[in-house]
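A.B. asks: Before we start, here is the structure in question, set down as structure tokens.
Number of protein chains: 2
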Amino acid sequence: MEINKDLIAASSTPIVLAILAEEESYGYAILQRVRELSGGRMEWTDGMLYPVLHRLERLGHAEARWEVAESGRRRKYYRITSRGRAQLAEERRQWQAVDATLRGIWGPLFLPVSAGQGA
Amino acid sequence: MEINKDLIAASSTPIVLAILAEEESYGYAILQRVRELSGGRMEWTDGMLYPVLHRLERLGHAEARWEVAESGRRRKYYRITSRGRAQLAEERRQWQAVDATLRGIWGPLFLPVSAGQGA
DNA sequence: TGCAATACCTAACGCTGCCATGTATAGTGC
DNA sequence: GCACTATACATGGCAGCGTTAGGTATTGCA
Numbered sequence: 001m002e003i004n005k006d007l008i009a010a011s012s013t014p015i016v017l018a019i020l021a022e023e024e025s026y027g028y029a030i031l032q033r034v035r036e037l038s039g040g041r042m043e044w045t046d047g048m049l050y051p052v053l054h055r056l057e058r059l060g061h062a063e064a065r066w067e068v069a070e071s072g073r074r075r076k077y078y079r080i081t082s083r084g085r086a087q088l089a090e091e092r093r094q095w096q097a098v099d100a101t102l103r104g105i106w107g108p109l110f111l112p113v114s115a116g117q118g119a
Numbered sequence: 120m121e122i123n124k125d126l127i128a129a130s131s132t133p134i135v136l137a138i139l140a141e142e143e144s145y146g147y148a149i150l151q152r153v154r155e156l157s158g159g160r161m162e163w164t165d166g167m168l169y170p171v172l173h174r175l176e177r178l179g180h181a182e183a184r185w186e187v188a189e190s191g192r193r194r195k196y197y198r199i200t201s202r203g204r205a206q207l208a209e210e211r212r213q214w215q216a217v218d219a220t221l222r223g224i225w226g227p228l229f230l231p232v233s234a235g236q237g238a
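Protein chains in written order, with the numbering used here: chain A, 1 to 119; chain B, 120 to 238.
Quick look at the structure:
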């Protein structure tokens, strides 16, 4: 499924924060985790993810450290901070407010017509 | 509630399309309808709405016509097109895909701790 | 006359994802 | 040794969008 860029922009920060809230991770693994969590419906480019991670670090929502995996490759691990957790909760509040509004309008518009009981 | 600009951008098109799917409307009334539908949690500026309406018109998702209300003021009424309804359904699919992904990550993170049954 | 509400429109600015590109290492096949 | 793919991170230019601020015009009220 193609997700338009505005939706990507709106969801990228809360998704990354939520993934980091599960456990610390690094860029390449986050890309795979998003694909996995969405059931393959979301495909992120690394060109959008790394700026997100750098922003999180700049804002103090995450902390980064370099590490060398057993594979020998260097990875930049990100860990969520307490400020990041607060930000995640705030993002979640906002998302749910908008989602509730959308459901409120969609509800009457997308009623199942074929339910059988309907007038 | 302050909604960040990315969320505004992601939700503005589906919200406007859904409002127009209810019945044709005009800019100023849409601003009030959004505030009403969100229970006052969302406040749109007209500076972001009018470009949205023009874009919908340009893309053939809505059609506009000028009218003069009994009040004497001129209004630009927008009506959703069949292409607009298809677009609304598509926007809804995308939103729900992202919402499902977010709920999938949030679920374990925001479990009510006091539930008692939890493992 | 002055002010608020109604009603529409636009321009400059900054932010953000997209896309292409670059760098570097490890593993695989030959 | 060589080519190729996957892993892993980073950046720069482009286009789209909301924000902020400003503009025009009418109606209703004091």
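Where a beta carbon is used, it is the ideal one built from N, C-alpha and C, also for glycine.
1) According to DSSP, is residue 21(A) helix, strand or coil?
2) Give the range of the beta strand (DSSP E) segment to which residue 199(B) is assigned.
3) At a CB-CB cut-off below 9 Å, which residues of chain A make contact with residue 134(B)?
4) Quick one: does residue 94(A) have its CB under 9 Å from some CB of chain B?
5) Spell out whether any CB of chain B is found under 9 Å from the CB atom of residue 75(A).
6) Please list, in chain order, the chain B residues whose beta carbon lies closer than 8 Å to that of residue 41(A).
7) Can you round the beta-carbon distance between residue 134(B) and residue 102(A) to whole angstroms, since I take them to be within the 8 Å contact cut?
8) What are the complete beta strand (DSSP E) segments, minimum 3 residues, inside the region 30-54 of chain A?
9) Are the Cβ atoms of residue 136(B) and residue 180(B) separated by less than 9 Å?
10) For residue 178(B) and residue 205(B), what's the separation of their Cα atoms in angstroms?
11) Closer than 8 Å by C-beta to residue 131(B): which residues in its own chain qualify, once you throw out the five before and the five after it? Chain order, please.
12) Buried or exposed: where does residue 213(B) fall if 16 or more other Cβ atoms within 10 Å of its Cβ makes it buried?
13) Step through the CB atoms of chain A and report whether any lies within less than 9 Å of the CB of residue 172(B).
14) Quick one: grab the DSSP three-state call for residue 181(B).
15) May I ask you to report which of helix, strand or coil DSSP gives residue 186(B)?
16) Can you give me, in chain order, the residues of the region 43-72 of chain A that have a beta carbon less than 7 Å from any beta carbon in chain B?
17) Below 7 Å CB to CB, which residues in the same chain sit around residue 188(B) once its five sequence neighbours on both sides are set aside?
18) Do you know whose CA, among 83(A), 99(A), 3(A), lies nearest residue 41(A)'s CA?
C.D. replies: Concretely, from the data shown:
1) Mapped onto the first sequence, residue 21(A) falls at position 21. Residue state, collapsed to three classes: helix.
2) The sequence position of residue 199(B) within the second sequence is 80, counting from 1. Element bounds for residue 199(B): 193-199.
3) Here the question's residue 134(B) lines up with position 15 in the second sequence. Chain A residues near residue 134(B): 98, 101, 102, 105.
4) Within the first sequence, numbered from 1, the residue matching residue 94(A) stands at position 94. Answer yes: the Cβ-Cβ gap between residue 94(A) and chain B drops below 9 Å somewhere.
5) One-based indexing of the first sequence puts residue 75(A) at position 75. No, no contact with chain B.
6) Stepping through the first sequence from its first residue, residue 41(A) is reached at position 41. 216, 220, listed in chain order.
7) Residue numbering aside, residue 134(B) sits at position 15 when the second sequence is read from its first letter. Residue numbering aside, residue 102(A) sits at position 102 when the first sequence is read from its first letter. So it is a contact: roughly 7 Å between Cβ atoms.
8) none
9) Walking along the second sequence from the start, residue 136(B) turns up at place 17. Walking along the second sequence from the start, residue 180(B) turns up at place 61. Yes; because the gap between Cβ atoms is below 9 Å, this pair is in contact.
10) Taking the first residue of the second sequence as 1, we reach residue 178(B) at position 59. Taking the first residue of the second sequence as 1, we reach residue 205(B) at position 86. Cα to Cα, residue 178(B) sits roughly 12 Å from residue 205(B).
11) Position 12 of the second sequence, counting from 1, holds the residue named residue 131(B). Hits under 8 Å: 163, 167, 168, 171.
12) Within the second sequence, numbered from 1, the residue matching residue 213(B) stands at position 94. When all chains shown are included, residue 213(B) counts as buried.
13) Here the question's residue 172(B) lines up with position 53 in the second sequence. Not an interface residue.
14) As a working mapping, residue 181(B) is identified with position 62 in the second sequence. Residue 181(B): strand per DSSP, three-state reduction.
15) Against the second sequence, residue 186(B) aligns to sequence position 67. Residue state, collapsed to three classes: strand.
16) none
17) By 1-based counting over the second sequence, the position of residue 188(B) is 69. The answer, listed in chain order, is 194.
18) Within the first sequence, the letter at position 41 stands for residue 41(A). For the residues 83(A), 99(A), 3(A), the minimum Cα distance to residue 41(A) belongs to 3(A).
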